[in-house]
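*Asks:* What follows is a structure written as structure tokens; I'll ask about it next.
Numbering (the UniProt record's numbering), first residue to last: 1 to 606.
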């Protein structure tokens, strides 16, 4: 490892620098909006050379513009008005003997400081610091660097090894010791603008650093002072503390193959409304750094704003055999050999969404759990709210653990044409379309216990599917046919052997107060998705299933005439005697061919 030059002393003063300044705010970005080979500044419209972690507006893409960012439906950062995009390269752990690569997770997302720095660090002059113009973008750092230097740019890019017990330390390159509380990567962007160009060929020459890195005097060639942007990302390197190995100063490497850390860099694409940002610069001058101290900002927390991937390439998750792209691991600028690669598939459309679950028709990487849009003839309807009353009332068992296919197969074999998965491991069925509240996809983000690549509802949320091939037969209405469905007379008790009780004046096919007959009860239960119906005490109607270990008695004990039968020729159970009917599979729904309600009320014998 190259020794740290004397400029490291400057780095250690950053926290003190913040304590002295009069104006800054700290913007937290809870999660990456996307991760992949994207860089609309350096590689607009194409696959970028290496992987970046991106925070900010959901309008971001490999070809995003200022207008795209302003049109973002959400942002992963906590100030709603900021639709800007910020990105740095991914950090990976490389295993011993040129082993595989594992993404190093971050702690707390990304933190973006906005520093109102002028020539005098203690006090900016009125109107001295300007907002970014529309279309402005810039790059800080050099991805190809592999050695230390003392330029202003290299002083502005550094690391802090967080160790609360032994004391934290700063360095220009990746530290050669473990950092128990995380490795913080820091990138200060230049703040002196030439006043003309929104970008430049190398994405840096239209900008320059003031002589004190974040404050001081701007060069004459770049006279316009812009607000200073400073990024922090803390990597959770301690998870690999037991896996260091000899032969390397440290085991980490950035996505562009940089094993030194000197190639750390950051990109910024402006997404602010310039007038609003200028107002914030001029009026939000608290020295606390708290966003809450600026009344202009609309704040949000934990929104989980995302955009679906554009490049069909795995860049995290399971260990990678190589770094994505043409990025061999290097320790010096001269050591990178030329190589070629076959570019991955590019998807032209993206979806912006909140939560951890993208719309079912979106593009997905192969390691992303997803909502299965269809299975055989089953079609996904949506994510629905569940409750103790149950949106789909019939629980079924499956073969093995629950997956989309195992649950829907179980529902179909049980005669149901609606099936739903809940909490990753429950399967529920019905023959009635769900009428519960439709939730966002984010509510159904639990992976299926039986298939980790699929999503199976969530907490009190059902991923519901409909079997579009199901053709529901009509409940038979003649006395003879109803007799064929009769399944015995059963002893009831105060706890009830059939739990779902219908109203004494129940409804059939939208018609209320239907007279109490066997046919009316059977139709009412079928319309509610049940496979069994029972009548007792002259017309009380209950729907199945029947409780386990129910006791069948002699059919003659169901001896009370049906209240709705004016001819007193049909029976509807008796006191604590339930007259049971097994409905066709799948249970009938009234079809367009069903007779009128008057035809339903024919007499039927038990």
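Quick reminder that beta carbons are idealized off the backbone N, C-alpha and C, glycines included.
(1) Where does residue 438 land, buried or exposed, given buried means 16+ other C-beta within 10 angstroms?
(2) Whole angstroms are fine: how far does the CA of residue 71 sit from the CA of residue 65?
(3) Any idea which residues DSSP pairs residue 411 with across the strands?
(4) Looking at residue 354 and residue 74, is the spacing between their C-beta atoms short of 8 Å?
(5) With a threshold of 7 Å on Cβ separation, who are the neighbours of residue 305 within its own chain once the five nearest residues in sequence on each side are excluded?
(6) Could you tell me which whole beta strand (DSSP E) segments of length 3 or greater appear in the segment 31 to 67?
(7) Could you tell me the distance, in whole angstroms, from the CA atom of residue 2 to the CA atom of residue 183?
(8) Considering residue 28, what are the terminal residues of the beta strand (DSSP E) in which it resides?
(9) Report the start-end ranges of each beta strand (DSSP E) in the UniProt domain "WSC" (377 to 468) that is 3 residues or longer and not cut off at the edges.
(10) Quick check: the Cα distance between residue 324 and residue 90, rounded to an integer number of angstroms?
(11) Which residues share a DSSP beta bridge with residue 101?
(12) Considering only C-alpha positions, which residue in the set 407, 579 and 176 is nearest to residue 424?
(13) Take residue 173 as the anchor and find which of 446, 165, 166 and 186 has the nearest alpha-carbon.
(14) Taking all protein chains shown into account, decide if residue 298 is buried (16 or more other Cβ within 10 angstroms of its Cβ) or exposed.
(15) With burial defined as no fewer than 16 other Cβ atoms inside 10 Å of the residue's Cβ, what is the status of residue 399: buried or exposed?
(16) Are the CB atoms of residue 152 and residue 179 within a distance shorter than 8 Å?
(17) Could you compute how far the alpha carbon of residue 619 sits from the alpha carbon of residue 573?
(18) Please classify residue 354: does DSSP put it in a helix, a strand, or coil?
(19) According to DSSP, is residue 627 part of a helix, a strand, or is it coil?
(20) What did DSSP end up calling residue 146 once you bin it into helix, strand or coil?
(21) Using the rule of at least 16 other Cβ atoms within 10 Å of the residue's Cβ for burial, across every protein chain shown, is residue 15 buried or exposed?
(22) For residue 343 and residue 284, what's the separation of their Cα atoms in angstroms?
(23) Mind checking residue 609: buried by the 16 CB within 10 Å criterion, or exposed?
(24) Starting from residue 518, follow the alpha helix (DSSP H) in both directions and report where the run begins and ends.
(25) Which one of 275, 42 and 390 has the shortest CA to CA distance from residue 199?
(26) Could you compute how far the alpha carbon of residue 609 sits from the alpha carbon of residue 107?
(27) Report yes or no: do the segment 240 to 250 and the segment 44 to 62 share at least 3 C-beta pairs separated by less than 8 Å?
(28) Looking at the secondary structure, which residues open and close the beta strand (DSSP E) in which residue 155 lies?
(29) Would residue 419 and residue 465 be called neighbours here (beta carbons separated by less than 8 Å)?
(30) Nearest by alpha-carbon distance to residue 545: which of 413, 530, 536 and 539 is it?
(31) Exposed or buried, what is residue 117 when buried is set at 16 or more other beta-carbons lying within 10 Å of its beta-carbon?
(32) Please report the residue range of the beta strand (DSSP E) in which residue 267 lies.
(33) I need the boundaries of the beta strand (DSSP E) containing residue 219, first residue and last residue.
(34) Find the nearest neighbour of residue 577 within the set 556, 230 and 226, judged by alpha-carbon distance.
(35) Using the three-state DSSP reduction, which class does residue 300 fall into: helix, strand or coil?
(36) Could you check where the beta strand (DSSP E) with residue 339 kicks off and where it finishes?
*Replies:* In short, the structure shows the following:
(1) Per the 10 Å Cβ criterion, exposed.
(2) Whole-angstrom Cα-Cα distance: 10 Å.
(3) Residue 411 is not bridged to any residue.
(4) Contact: yes.
(5) Hits under 7 Å: 33, 58, 74, 75, 76 and 354.
(6) Positions of the beta strand (DSSP E) runs, each at least 3 residues long and wholly inside the segment 31 to 67, are given as 34 to 36 and 52 to 56 in order along the chain.
(7) Confidence at residue 2 is low in this model, with a pLDDT of 31, below 50, so the placement of that residue is unreliable and no value is reported for it.
(8) Residues 24 to 29.
(9) Runs of the beta strand (DSSP E) inside the UniProt domain "WSC" (377 to 468): 378 to 385, 418 to 422, 426 to 430, 451 to 455 and 461 to 467.
(10) Within the model, the alpha-carbon separation for residue 324 versus residue 90 is close to 11 Å.
(11) DSSP output for residue 101 lists 94 and 320 as bridge partner(s).
(12) Checked all of 407, 579 and 176; the closest Cα to residue 424 is 407.
(13) Taking only the C-alpha atoms, the option nearest residue 173 is 186.
(14) The residue is exposed, with fewer than 16 neighbouring Cβ atoms inside 10 Å.
(15) Burial state of residue 399 is exposed, judged by a 10 Å Cβ sphere holding fewer than 16 other Cβ atoms.
(16) The Cβ atoms of residue 179 and residue 152 do not sit closer than 8 Å to each other.
(17) Outside the displayed span of the chain (1 to 606) sits residue 619, for which this structure offers no information.
(18) In this structure, DSSP gives residue 354 an extended state, which the three-state scheme calls strand.
(19) Past the edges of the chain, shown from 1 to 606, lies residue 627, and the structure says nothing about it.
(20) Here DSSP, grouped into helix, strand and coil, assigns residue 146 to coil.
(21) Low per-residue confidence applies at residue 15: pLDDT is 39, beneath 50, and the placement is therefore not dependable, though the value from the model is reported in the following sentence. Residue 15 comes out exposed.
(22) When rounded, the distance between both Cα atoms is 46 Å.
(23) No information on residue 609 is available, as it lies outside the stretch 1 to 606 that the chain covers here.
(24) That run of the alpha helix (DSSP H) goes 518 to 527.
(25) Per the Cα distances, 42.
(26) Shown here, the chain extends from 1 to 606; a query on residue 609 therefore has no answer.
(27) As far as the Cβ criterion goes, the segment 240 to 250 does not touch the segment 44 to 62, which means the pair count is below three.
(28) Annotation: residue 155 is outside any beta strand (DSSP E); the continuous alpha helix (DSSP H) that includes it extends over 152 to 155.
(29) Yes.
(30) Of 413, 530, 536 and 539, the residue nearest in Cα terms is 530.
(31) Flag for residue 117 reads buried.
(32) Looking at the DSSP string, the run of the beta strand (DSSP E) that includes residue 267 is 265 to 269.
(33) Counting along the chain, no beta strand (DSSP E) covers residue 219, and no H or E run does either.
(34) Of the listed residues, the one whose Cα sits closest to residue 577 is 556.
(35) Here residue 300 carries a coil assignment [DSSP, helix/strand/coil].
(36) Unbroken run through residue 339: none, as it is neither H nor E.
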